[in-house]
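Residue numbers (this note's numbering): 1246 to 1801.
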């Protein structure tokens, strides 16, 4: 998560977070002497039912709908400080894709729909699920009549259409390929909007739980222009934008125009940029931040010893991958046999156990095992096999060592993970050079194909089309590998034109089997979501890992 209108995609591929749970030393990543972090007796590594509360041990399996805390259980006023794991790109729902920006949007930019803890789609700025007619080609959506943008202007059908027109035409938009084959849009009345597609597009309701479902103030768009909207993003939400200091913080204040303002407790939220996971954990324990979006697995023993800290943990729909630039003039770009050898040379189970303990699982698929779209074919993952990798290298006619340069974020966690991969693939004859860069630079280099290979993570989407189209379609807005396969393009289109889950799952199984032969991305692992908070009530996470604070307050 490139459209044909986009001359420059430097702001489009922000749906990846840096690897946030990488911890143990790289040297112990591939040896039995490593001691993985153990789950607590409360079973903190598993998800509970949506809305389940914190367990007595301080660990919680709690994600789901946001809801106000019970009256009298939280205080009114004050400032909430959030430890954010990275600096995102432009704070603009149309152009960004960064998970860290989605954390901020959760407090200031509501969507038409939101995800429940079980992946269900629930109305937010819409008042009901879409009415789908015309064989899946027409979506009619009723909207709230009491919502206003932070600048006091009304939210209505015309405003939603203004936003979607921008999403579809802005040269920097990251939303175009997500929104499907839209043929027309119209305001049925002030509070009903209708979208018609040229062919059925099954994922649309799911798409509207994300940034394509966020309305932007037409007044702000007109006054600021598309290219400056991020300097003062204006949406509908419990908090509104106040200021931003690059690489330091983003400050939001309570929005009196919010339709549910009486239930909003804090006066202000400050998102502090703290890239180092150990520093975030220390700051949480010290109380200088009250929430952090990601905890490292190696911090969990210390965190669990502090009874004042609660941890929300849930399976993630996201995944990490090693991405190959197929546009490059390198052996790994030219030969899928080499890419197959590289995948076989990665000892996923050993690396994940050493680095994550119980908080991640190996994967070779962009579809979660828990997804209704998962099948035996889509989840197949070849075992670690050095001998077969060596055989494929010989078959490719390339002498060893096979040199490959891999870019990664320059955080200590990401470097440790890259070093673990480096150590693993060496046995098969790969000489992996690690090139660490700042996270924003890494994203830009990926966007512009200035890399041979790179390690990134994607936060995931509930509908597989959201995990595949942008990154694997020939014209996908997130296709940083430069991958193009007409068969995959056709399967992507076939999958969204049917509504039966089993039929779609079968199509995705065929597609992923092709991807795992061509290997533009080598899928690596799926990490659990670990969010810590202290002294608060009303904190929730969704299956994408976004922290919701709309009604959070300091515990009374």
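Think of the CB as a built atom: it goes at the ideal place given N, C-alpha and C, for glycine as much as any other residue. Predicted model, so just to flag it, every value in this text is computed and none were measured.
Separation of residue 1597 from residue 1464, as counted between CA atoms = 48 angstroms
Closest residue to residue 1427 among 1441, 1433, 1415 (Cα-Cα distance) | 1441
Contained alpha helix (DSSP H) runs [length at least 4] in the stretch 1661-1686, N- to C-terminal order = none
Given a threshold of 16 other Cβ atoms within 10 Å of its Cβ, counted over all protein chains shown, does residue 1373 qualify as buried or as exposed?
-> exposed
Does the Cβ of residue 1776 have 16 or more other Cβ atoms within 10 Å, making it buried, or fewer, making it exposed?
-> buried
Just the C-alpha distance for residue 1771 and residue 1434, rounded to the nearest angstrom, thanks.
-> 44 angstroms
Whether residue 1698 touches residue 1638 by CB criterion (8 angstroms) = no
Over what stretch of residues does the alpha helix (DSSP H) that includes residue 1582 continue unbroken?
-> 1581-1589
With a CB to CB cut of under 6 angstroms and the five nearest residues on each side skipped, what residues in its chain are close to residue 1496?
-> 1487, 1488, 1515
State yes or no: is the C-beta of residue 1767 within less than 8 angstroms of the C-beta of residue 1732?
-> no
Separation of residue 1526 from residue 1544, as counted between CA atoms = 7 angstroms
Start-to-end residues for the beta strand (DSSP E) that takes in residue 1710 = Where residue 1710 is concerned, there is no enclosing beta strand (DSSP E), although the alpha helix (DSSP H) it sits in stretches over 1709-1717.
Report yes if the C-beta distance between residue 1375 and residue 1385 is below 8 angstroms; otherwise report no.
-> yes
Classify residue 1461 as buried or exposed, calling it buried when 16 or more other Cβ atoms lie within 10 Å of its own Cβ.
-> buried
Cβ contact check for the stretch 1676-1695 and the stretch 1605-1613: 3 or more pairs under 8 angstroms = no
So what does DSSP say about residue 1695, is it helix, strand or coil?
-> coil
At which residue ranges does the stretch 1309-1384 contain complete alpha helix (DSSP H) runs of 4 or more residues, listed in the order of the chain?
-> 1344-1353
Whole-angstrom distance between residue 1341 and residue 1740, CA atom to CA atom = 26 angstroms
When 1568, 1508, 1662 are compared against residue 1584, the one with the closest alpha-carbon | 1568
What are the start and end residues of each continuous beta strand (DSSP E) run of 3 or more residues lying completely inside the stretch 1507-1548, in chain order?
-> 1513-1518
Is the distance from the Cβ of residue 1536 to the Cβ of residue 1784 below 8 angstroms?
-> yes
Under a Cβ-count criterion, where at least 16 other Cβ atoms within 10 Å of its own Cβ denotes burial, should residue 1664 be classed as buried or exposed?
-> buried
Rounded to the nearest angstrom, how far is the Cβ of residue 1325 from that of residue 1453, given a contact under 8 angstroms?
-> About 27 angstroms separates the two Cβ atoms, so there is no contact after all.
Locate the beta strand (DSSP E) running through residue 1757, then write down its first and last residues.
-> Counting along the chain, residue 1757 falls outside any beta strand (DSSP E), though it belongs to the alpha helix (DSSP H) covering 1746-1763.
If we ignore side chains and look at the alpha-carbon of each, how far apart do residue 1395 and residue 1485 end up?
-> 6 angstroms
Residue 1458 (DSSP reduced to helix, strand or coil) = helix
Among residues of its own chain, excluding the 5 on either side of residue 1690, which ones have a beta-carbon nearer than 8 angstroms to its beta-carbon?
-> 1652, 1682, 1696, 1699
For residue 1807, which residues from the same chain have a beta carbon less than 6 angstroms from its beta carbon, with the 5 sequence-adjacent residues on both sides left out?
-> This structure cannot settle anything about residue 1807, because the visible part of the chain is limited to 1246 through 1801.
How would you call residue 1524, buried or exposed, if buried means at least 16 neighbouring beta carbons within 10 angstroms?
-> exposed
Is residue 1641 buried or exposed, if buried means 16 or more other CB atoms sit within 10 Å of its CB?
-> buried
Pairwise C-alpha distance: residue 1781 and residue 1529 = 12 angstroms
Less than 8 angstroms separating the beta-carbons of residue 1591 and residue 1769?
-> yes
Identify, in the order they occur along the chain, each residue of the same chain with its Cβ nearer than 8 angstroms to the Cβ of residue 1380, setting aside the five sequence neighbours on each side.
-> 1445
Going straight from the alpha carbon of residue 1562 to that of residue 1412, what length do you get?
-> 24 angstroms
Cβ-based burial, residue 1490 [other Cβ within 10 Å; buried from 16] | exposed
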